Each structure stands twice: as structure tokens, then as C-alpha cells.
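Let me begin by presenting the structure, written as C-alpha cells, before commenting on it.
Number of protein chains: 2
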Amino acid sequence: MKFVTGTSTKTVTWQDLAGGGRNNPAAVHGAVHLLRDMGGVVFLTLRMARGMLQCVCPPRIVPRGLREEWCVEVSGAVRAEARAPGGLEIAAESITVLSRPAALMPVSLGRRRLGLNLDTELGLRPAVLRHARERAVFKIQEGLVRAFRDYLTGEGFTEVHTPKIVRAGAEGGSNIFRLDYFGKKAYLAQSPQFYKQTMVGAFERVFEVGPVFRAEKHATPRHLNEYTGLDLEMGYIRSFYDVMEAEAGYLRRAMELLAREYDEELALLGVRLPRADQIPCLRFDEAKRLAAEKYGCPIRDPYDLEPEEEARIGRYAREEYGSDFVFVTHYPSRKRPFYAMDDPDDPRYTLSFDLLLRGMEVTTGGQRIHDYAAQAAKMEVRGMDPGDFDSYLMIHRCGMPPHGGLGIGLERLTMQLCGLDNIRYCSLFPRDRGRLEP
Amino acid sequence: MKFVTGTSTKTVTWQDLAGGGRNNPAAVHGAVHLLRDMGGVVFLTLRMARGMLQCVCPPRIVPRGLREEWCVEVSGAVRAEARAPGGLEIAAESITVLSRPAALMPVSLGRRRLGLNLDTELGLRPAVLRHARERAVFKIQEGLVRAFRDYLTGEGFTEVHTPKIVRAGAEGGSNIFRLDYFGKKAYLAQSPQFYKQTMVGAFERVFEVGPVFRAEKHATPRHLNEYTGLDLEMGYIRSFYDVMEAEAGYLRRAMELLAREYDEELALLGVRLPRADQIPCLRFDEAKRLAAEKYGCPIRDPYDLEPEEEARIGRYAREEYGSDFVFVTHYPSRKRPFYAMDDPDDPRYTLSFDLLLRGMEVTTGGQRIHDYAAQAAKMEVRGMDPGDFDSYLMIHRCGMPPHGGLGIGLERLTMQLCGLDNIRYCSLFPRDRGRLEP
Chain A
6 MKFVTGTSTK TVTWQDLAGG GRNNPAAVHG AVHLLRDMGG VVFLTLRMAR
56 GMLQCVCPPR IVPRGLREEW CVEVSGAVRA EARAPGGLEI AAESITVLSR
106 PAALMPVSLG RRRLGLNLDT ELGLRPAVLR HARERAVFKI QEGLVRAFRD
156 YLTGEGFTEV HTPKIVRAGA EGGSNIFRLD YFGKKAYLAQ SPQFYKQTMV
206 GAFERVFEVG PVFRAEKHAT PRHLNEYTGL DLEMGYIRSF YDVMEAEAGY
256 LRRAMELLAR EYDEELALLG VRLPRADQIP CLRFDEAKRL AAEKYGCPIR
306 DPYDLEPEEE ARIGRYAREE YGSDFVFVTH YPSRKRPFYA MDDPDDPRYT
356 LSFDLLLRGM EVTTGGQRIH DYAAQAAKME VRGMDPGDFD SYLMIHRCGM
406 PPHGGLGIGL ERLTMQLCGL DNIRYCSLFP RDRGRLEP
Chain F
6 MKFVTGTSTK TVTWQDLAGG GRNNPAAVHG AVHLLRDMGG VVFLTLRMAR
56 GMLQCVCPPR IVPRGLREEW CVEVSGAVRA EARAPGGLEI AAESITVLSR
106 PAALMPVSLG RRRLGLNLDT ELGLRPAVLR HARERAVFKI QEGLVRAFRD
156 YLTGEGFTEV HTPKIVRAGA EGGSNIFRLD YFGKKAYLAQ SPQFYKQTMV
206 GAFERVFEVG PVFRAEKHAT PRHLNEYTGL DLEMGYIRSF YDVMEAEAGY
256 LRRAMELLAR EYDEELALLG VRLPRADQIP CLRFDEAKRL AAEKYGCPIR
306 DPYDLEPEEE ARIGRYAREE YGSDFVFVTH YPSRKRPFYA MDDPDDPRYT
356 LSFDLLLRGM EVTTGGQRIH DYAAQAAKME VRGMDPGDFD SYLMIHRCGM
406 PPHGGLGIGL ERLTMQLCGL DNIRYCSLFP RDRGRLEP
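From first to last, the protein sequence lines are chains A and F.
The first sequence begins at 6 in the numbering used here and counts up one residue at a time.
The second sequence begins at 6 in the numbering used here and counts up one residue at a time.
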């Protein structure tokens with residue numbers, strides 16, 4: 006009888022070697038990322054799970070026909086070598102072939118930058134993602150998600166998983182995907198809004214990491230039709246500033262984690278981490294006015310922020326407060342969804358906010374209406390029938406604490422952090438109007 | 006200028022009080038879960054984010070009209086009280102009302118068990134999820150996911166997020182949801198299979214936690230039309246037993262975490278944690294034969310496991326090896342998808358497995374074909390056109406290490422762990438053929 010015992014399957018990583026494997030024999034595996042035959046010696050760059058390892062190989066041990074993307078195991082002695090990437094190399098003594106590709110790579114991974122046009126790159130995504138820069142983007146993205154979960158778990162939040170096939174959209178508008186659900190009309194969730202509020206009734210504080218679907222018809226460098234939402238919702242808030250504190254707390258944690266554990270990826274991409282420990286807050290109308298005055302641009306629409314205006318507000322925060330982040334608060338009520346709580350001091354505005362990073366929105370949040378009568382009244386003013394939202398409004402009828410929350414676009418945050426100019430670079434397999442594969 | 010600094014928003018939890026707050030003044034918030042007026046004293050059970058706190062209130066401080074589900078802040082002195090839940094109570098000195106419900110609860114949360122029929126309970130889900138037993142199920146589920154991520158991150162896996170709107174199904178069959186994607190035919194992902202394999206080419210080891218969609222037309226107590234998949238995929242395996250070791254390693258970690266941090270929820274539900282440190286493995290044909298012989302049931306279909314047969318194999322593992330878990334290996338090739346690697350020793354079978362917990366499948370996994378020619382040939386034998394899977398097969402053409410992976414159904418695992426008899430109890434807002442809300 007064979008038993009499986011749950012032994013760790015951890016293999017030797019680049020980090021293990023760097024951390025103390027010098028002068029020791031080691032056997033490591035990976036793909037041949039780059040191969041340079043210098044005559045008397047062959048330099049093999051091994052792509053490991055994380056990091057690249059230079060392997061110095063005497064020609065006699067190099068398997069016949071060895072090329073890029075063969076998967077191999079290399080055995081030899083690890084040694085310090087200042088000229089090697091990361092200051093480490095292996096003097097190879099043997100190379101075992103584990104698998105061979107059937108064709109050449111459609112791109113050359115050895116170049117520092119791929120230099121492909123966006124459309125070509127996205128079409129070749131499965132190959133392109135093996136490039137060091139692409140890998141770095143998604144390791145940083147992993148760090149952003151790790152910090153989100155770890156921080157919120159520590160703050161007493163419960164992780165939830167809510168349905169993506171829904172009977173009604175939470176955010177209104179026409180940007181919603183329809184599908185047939187056993188003969189009934191259904192939609193793909195535009196956000197977990199109704200469900201995360203519902204879960205505040207059970208757990209006080211919840212978060213979710215999951216896909217969000219928006220059938221945006223326009224193609225911009227900052228929109229995707231499917232993205233990853235980092236959502237949280239918290240009860241018993243004293244004001245919507247508590248929600249902003251939670252976000253800033255998360256961002257501080259994330260920047261600390263990235264600085265500590267993702268320094269090589271940050272260096273490779275030339276990322277400068279923003280500070281998140283003192284984020285200025287400007288009211289919507291005030292932010293518009295200050296940026297318009299300072300940069301001499303007229304305000305065209307008093308109820309909305311255009312992308313150019315967001316960029317100017319970001320610049321203003323940078324120049325006036327030395328901050329890459331800025332909270333813009335008190336958005337006009339007419340631009341916010343029906344569940345947003347109006348400011349009792351001036352109901353033309355809401356107790357809500359966006360967070361801008363380097364001049365682009367990465368988060369939307371605010372306080373929600375918790376009182377049933379207030380919620381039903383606001384829906385009626387907007388021409389909505391509360392009866393259509395019966396199962397959502399059950400929580401308001403049964404009682405809800407004052408609460409609020411936010412949704413962060415993970416790809417948007419990654420893009421602004423890494424200084425990339427198109428959000429498609431921050432989604433492994435982006436979905437836009439024209440792209441359904443890979 | 007107002008600045009947000011990222012101060013922790015942590016509030017006083019039940020666990021804080023239990024951990025050392027005795028005899029100290031405290032202010033805690035929560036919902037009135039239960040209210041008992043004993044004449045000279047009012048017992049208020051406060052539902053906190055986790056746990057229930059007994060508040061002993063002199064009638065004079067009780068706000069007029071106070072009822073279940075009002076949200077309140079209670080101030081007073083914490084003290085030990087053996088008869089209170091958790092051995093703790095608060096001698097209330099003041100109660101501040103934070104919000105009031107608009108209607109009575111449709112269910113009474115004070116009963117130990119709700120005792121509703123399934124359909125009623127699911128319709129009232131937003132209210133029902135406030136019940137202590139329901140909360141316990143989903144806290145345990147949170148623990149299962151936490152352990153999955155923490156264990157795999159420690160083992161060198163990278164978390165990924167892959168698209169749920171796809172051009173082609175990965176698992177074949179008719180159980181796939183269709184949608185219109187800007188005039189093109191698209192589907193909801195039946196699994197992240199193609200994408201997680203693709204990411205093995207970039208990161209060697211990856212995992213994903215995300216929704217999975219199956220348009221199953223039948224209604225059973227063990228199927229959902231949308232569930233949460235815990236998926237992993239790992240490269241450079243020596244055999245598919247490496248994948249099974251990774252799963253057992255995760256399960257060991259999960260059981261340790263639950264025992265350490267979720268003991269109250271486990272006790273409330275009467276959960277006995279299974280051991281995962283020595284999981285027996287039986288070949289598919291052998292398992293069928295042994296169970297048939299021991300329990301005197303004939304084998305009806307040599308290529309498939311019926312639910313009753315899974316139950317008998319689970320019982321066999323329990324009786325013969327004292328294990329709640331059992332790996333069933335080497336499933337027939339005709340019952341596994343086209344990407345499954347056949348056993349070179351007997352290609353009627355595959356290098357694959359299911360994991361049963363207490364007689365029900367909770368995981369499917371195995372080694373995948375990494376060689377392009379072998380994959381194309383298997384597709385052709387099945388009447389599939391490799392040209393239809395061009396962007397998936399790019400990874401096989403470009404080269405892939407030997408690799409394998411698995412998918413765990415989170416709700417199924419929760420159900421079997423907690424000993425519940427319907428998977429709908431393990432999904433916050435279950436989707437089945439007839440249910441699209443709440």
C-alpha cells in the first residue's frame with residue numbers, strides 16, 4: 006500500500022542558492038532562457054521559478070542540439086561571480102534534458118525589452134510571459150494581492166466568495182454582459198457590491214478578490230472588460246474616512262512587502278515605490294478648482310473628472326504635498342450609484358471618494374446607505390423600483406450597521422505602480438473588445 | 006489639509022476581550038442577536054464580528070424599543086462568567102444605538118438550529134447567514150482558503166488571475182455557459198486549466214482561487230453551477246505523485262490551521278478534523294474491486310465511479326486504513342480530458358487521481374501532456390482539431406516541463422469536512438438550476 010504523507014515538494018530556488026548555497030554542489034532545474042557558445046565555454050542562462058541563473062558549461066557536457074526553452078536539470082558547484090546576474094553562477098558538471106520544444110520561440114526572450122507592438126505581444130502572450138520583465142510585473146501583482154489579504158485578515162476581515170452570475174447589475178448602466186441561465190436572463194457581476202454589503206450583516210468586515218466584468222464598449226489604455234477587483238466592505242464605521250484609513254493601511258503594508266521581498270522585480274522595472282503614510286485628501290470641487298487654477302485649464306464639466314483633470318490633480322498632489330497618492334472626496338451625487346450615501350450637510354454630494362495614484366483613479370469607495378427608508382427613497386427618486394431589488398434590500402429591512410467599502414482595480418494599481426502605459430500589460434490574458442484569446 | 010495616514014482601524018473583538026480584557030472597561034459594538042428580559046435584568050447577546058458576547062444590562066439603560074438586529078455600542082466592565090458563552094460577559098453601563106432595522110427578521114436567529122427547509126433557507130440567505138452555525142461554516146471555509154494560499158506561497162508557487170470569459174471550454178462536454186461578447190460567441194470558464202498550464206511556462210508553479218462555472222443540468226446535493234476552485238499547477242514534477250504530495254501538504258497545513266485558530270467554529274458544528282498525514286492510494290480498478298468484494302456490490306460500469314461506489318471506497322479506506330481521505334489513481338483514459346497524460350505502462354489508464362474525503366470526490370488532478378506531438382496526436386484520436394486550440398498549444402510548441410496539477414472544489418471540501426448533506430449550505434449565495442438570487 007502506497008501512502009502520501011504531504012512531504013514538502015519544495016525544490017532548490019535561486020533564492021536558496023543566493024542565501025547560502027555558495028561553493029556547495031547543487032542540482033537545479035529550469036528552462037534554457039539564453040544560450041551563448043563562446044567556443045571554449047557555453048554560457049547557459051537558466052530561467053528558474055524566480056530569477057535567472059548563469060550556468061558555465063564545458064562544451065563536452067552540453068547535450069547535442071540544446072536550444073532555448075529546453076527544460077533541463079543542471080548539476081554543479083555554486084560560486085560567487087560578480088559579473089553574473091545576481092552575483093551567482095554555477096559551474097556545471099552535468100546537464101540532463103527533461104523535455105524539448107517542438108518549435109522555435111516566436112520571440113527572443115534574451116533581449117532586455119521585447120519591443121513588439123501591443124497587438125503582436127498580446128497574441129503571443131503565452132510565450133511572452135516568460136520574459137523577465139513580464140514575469141516581474143506579475144510577481145509585483147502577486148505581492149499587491151498578498152498584502153491585501155494579509156493586512157485585512159489581521160484587521161479582522163473575513164474573506165468571502167460571492168457569485169459572478171447574477172440576476173441584476175449592481176452598478177447600473179449598459180456596461181453589463183448578458184447570458185442565458187437555463188432559460189432565464191442573467192448577467193455577469195459588475196462588482197460584488199450587493200453581496201459584500203450583505204456579508205457585513207454577518208461578519209462586520211469582509212473582503213473579496215475576484216473577477217469583475219464590465220462590457221465597456223470603448224477601447225482605452227486604462228480599461229479592461231474583465232479585471233480583478235480587490236474589494237472590501239466594513240461595518241460600524243464612524244465616517245467614510247475609516248474606509249480610507251483601511252485603504253491607506255493596506256497600501257502601506259503593500260509597499261513595505263514589496264520593498265522587502267520584491268526588490269529584484271522592482272529594480273528590473275525601475276519602479277519607485279510611492280509613500281502611502283500621508284495621503285492628502287481634497288474635496289472633489291476643491292480639487293477641480295485648485296488644479297484648474299494652478300495649471301490654467303478651465304473646468305468643463307462640474308460633475309465629472311476627465312482623465313486629463315485626474316492627471317492634473319495628481320500632479321498638484323505631487324507638487325504641493327509630495328504625494329503620489331491623493332484622495333478625492335465628496336463626489337457629486339448624480340455621478341455615484343444609488344447605494345451611495347449623500348452628505349447630510351449638502352446632499353448634492355456623497356460621502357465617497359476615489360483614490361488617484363500618479364494621476365489616475367485606482368479605487369472607488371464610500372459610505373453606503375444603511376437605512377431602509379432612505380435607500381428606498383433614493384431609488385424612487387432615480388426612477389428605480391425597490392421591488393426589483395427585494396433580495397438586496399432584505400439587509401436594509403433586517404438592519405445594517407453604518408458601513409462603507411471600496412473596490413480597487415488590481416490591474417490599474419499595478420499599471421500605475423509600475424509606470425506602464427497600457428493596462429493590458431498588467432493582465433495575464435487581457436480581455437478587451439477585440440480580444441477573447443489567448 | 007486633511008491627511009490619511011493608514012492608521013489601523015481594528016476594533017475591540019471578542020477575542021481581544023477573551024485574551025485579557027477581564028475586569029477592564031470596554032466599549033464594543035455589534036448587533037443585538039438575542040434579547041431576554043428577565044425583569045430585574047436584561048440579557049443582551051451581542052453578535053460581534055466573530056463570537057457572541059453576553060451583556061448584562063440593568064433595565065434603565067436599555068433604549069426604548071430595543072429589539073433584535075439593532076446595531077449598538079455597549080460600554081461596561083468585562084468579567085468572567087462561567088455560564089456565559091465563552092465564559093465571558095460584560096456588565097453593561099450604557100448602550101448607544103447606531104442603527105435600527107425597518108422590519109422584524111424573517112427567521113429567529115436565537116434557535117440553535119434554524120430548522121427551515123432548504124428552499125426557504127436559501128431564499129432568506131441574507132438574513133440566515135447571520136446565524137451562528139452559518140457563520141461558522143464560512144469561517145471554516147475562510148481557513149481552508151487561507152491555508153491553501155499560505156502553504157503554496159511557502160512552497161514557491163505564484164498566485165495568478167486568469168480570465169473567466171473564454172473562447173473555448175477546457176473540459177469539453179455541454180456543461181458550459183455561453184454568452185455574447187461584443188458579437189462574438191464566448192463561454193464562461195469551466196476551469197482555469199489552459200491558463201494555469203500556460204503560467205507553468207512562466208513561473209513553474211502557480212495557483213489560483215477563483216470562480217468556476219459549470220452548466221450542469223441535473224440537480225444533485227453535491228453540484229453547484231458556480232463554485233470556487235482552488236487550483237494549482239506545478240512544473241518539473243517527477244511523477245504525478247508530486248502533485249498528490251502537494252495536496253496532502255496543503256491539507257495537513259489546513260487541518261493544523263483550523264485546529265489552532267478555528268476551534269470554536271469546529272466545536273459549534275461538531276466537526277472532527279480528518280488526519281491528512283498518511284493518505285492511502287488505491288488504483289481505480291483495484292479500489293473498485295476491493296470495495297465491491299468487501300461490501301458485496303457488483304461493478305456495473307468498469308470505467309466510471311458512481312457516487313455509491315465512491316462512498317464504499319471511502320468506507321473501505323476508513324475501515325482498512327483508518328483514513329477519511331483516500332487517493333484513487335489511474336482513472337481510465339476515456340473518462341479523463343484530452344490533456345491528461347496516459348500511463349505509458351498501460352495507456353488505457355491515465356496518470357491521474359481523484360481525492361475522496363469521507364466517500365466523496367473533492368479533488369481531480371493528474372499529470373498533463375507536455376509534448377506537442379503527443380498532445381496533438383491525442384486530440385486527433387478524439388476527433389478534435391488541434392487548429393482550434395492554437396493559442397493553448399503554443400506552450401507545447403514552445404516547450405513545457407513535465408507538469409501536473411489539480412483542482413479542489415472549495416464548497417465540496419467544506420461540505421465533507423463539516424459533515425453537511427447539501428453543498429448549497431457551503432456556498433454563501435448558491436447558484437443552481439433554479440436559483441439565480443439572492
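Glycine is no exception: its CB is placed at the ideal position from the N, C-alpha and C atoms.
The model shown is predicted, which means the values in this text are computed figures rather than measured ones.
C-beta neighbour in chain A for residue i, strict 9 Å
i, result
"Q283 of chain F", "yes"
"P131 of chain F", "yes"
"Q198 of chain F", "no"
"S179 of chain F", "no"
"A251 of chain F", "yes"
"P30 of chain F", "no"
"M53 of chain F", "yes"
"S244 of chain F", "no"
"R214 of chain F", "Strictly speaking, residue 214 of chain F in this sequence is Val, with Arg absent from that position. It does; some Cβ of chain A falls within 9 Å."
Cβ pair residue i, residue j closer than 9 Å
i, j, result
"G240 of chain A", "E209 of chain A", "yes"
"G174 of chain A", "Y186 of chain A", "no"
"H34 of chain A", "T16 of chain A", "yes"
"Q59 of chain F", "E94 of chain F", "yes"
"Q198 of chain F", "R219 of chain F", "no"
"L310 of chain A", "F332 of chain A", "no"
"P106 of chain F", "M405 of chain A", "yes"
"T163 of chain F", "A141 of chain A", "no"
"G439 of chain F", "A224 of chain F", "yes"
"V9 of chain A", "A89 of chain F", "no"
"C76 of chain F", "L103 of chain F", "yes"
"G159 of chain F", "L263 of chain F", "no"
"I428 of chain F", "Q202 of chain F", "no"
Nearest-angstrom Cβ-Cβ length linking residue i and residue j, presumed shorter than 8 Å
i, j, result
"L114 of chain F", "H136 of chain F", "5 Å"
"Q380 of chain A", "G409 of chain A", "Not quite, the Cβ-Cβ distance comes to about 14 Å (not below 8 Å), so this is no contact."
"A152 of chain A", "Y255 of chain A", "7 Å"
"G319 of chain A", "G275 of chain A", "With a Cβ gap of about 19 Å, G319 of chain A and G275 of chain A do not count as contacting."
"G56 of chain F", "G91 of chain F", "6 Å"
"G215 of chain F", "G234 of chain F", "6 Å"
"L109 of chain F", "Y232 of chain F", "About 33 Å; that fails the 8 Å criterion."
Contacts that residue i makes with chain A (C-beta to C-beta distance below 8 Å)
i, result
"A137 of chain F", "Neighbours of A137 of chain F on chain A: none; closest Cβ ~10 Å, over 8 Å."
"G254 of chain F", "G11, T12, S13 and T14"
"L134 of chain F", "T203, M204, G206 and A207"
"G25 of chain F", "Ordered by position in chain A, no residue passes the 8 Å Cβ test against G25 of chain F, which lies about 17 Å from the chain."
"E74 of chain F", "C403 and G404"
Chain F contact for residue i (CB, 9 Å cutoff)
i, result
"V9 of chain A", "yes"
"H228 of chain A", "no"
"P90 of chain A", "no"
"K222 of chain A", "yes"
"H34 of chain A", "yes"
Contact set between residue i and chain A, taken where Cβ atoms lie within less than 7 Å
i, result
"D185 of chain F", "R183"
"P312 of chain F", "Within chain A, no residue comes near P312 of chain F; the closest Cβ sits about 23 Å away, beyond 7 Å."
"G464 of chain F", "Summary: the structure shown does not reach residue 464 of chain F, with chain F confined to residues 6 through 443, and so no result is reported for it."
"K144 of chain F", "T163"
"V150 of chain F", "E164"
Proximal residues of chain F, C-beta to C-beta of residue i below 8 Å
i, result
"L441 of chain A", "I170, V171, R172, Y186, K189 and A191"
"T50 of chain A", "Ordered by position in chain F, no residue passes the 8 Å Cβ test against T50 of chain A, which lies about 15 Å from the chain."
Partners in chain F for residue i, counting only beta-carbon separations shorter than 7 Å
i, result
"D247 of chain A", "T14"
Amino acids of chain A, ordered along the chain, whose beta-carbon sits closer than 9 Å to that of residue i
i, result
"A297 of chain F", "Result: empty, since nearest Cβ-Cβ is about 18 Å, beyond 9 Å."
"C467 of chain F", "With chain F running from 6 to 443 in the structure shown, residue 467 of chain F is simply not present."
Residues of the region 160 to 173 of chain A with a CB closer than 9 Å to any CB of chain F: list them in chain order, please. Correct list: E160, G161, F162, T163, E164, V165, H166, T167, P168, K169, I170, V171, R172 and A173.
Check distances from the C-beta atoms of the region 376 to 402 of chain F to those of chain A and list, in chain order, the residues that come in under 8 Å. Taking 8 Å as the Cβ-Cβ cut-off against chain A, the residues of the region 376 to 402 of chain F that qualify are D376, Y377, A378, S396, Y397, M399, I400, H401 and R402.
For the region 97 to 113 of chain A, enumerate the residues whose C-beta is nearer than 7 Å to any C-beta of chain F, in chain order. L103, S104, R105, P106, A107, A108 and M110
Contact residues within the region 400 to 426 of chain A, judged by C-beta distance below 8 Å to chain F: I400, H401, R402, C403, G404, M405, P406, P407 and L415
Under 7 Å, CB to CB, which of the residues in the region 262 to 287 of chain F have a partner in chain A? Against chain A - using a Cβ distance shorter than 7 Å - the residues of the region 262 to 287 of chain F are A281, D282, Q283, I284, P285 and C286.
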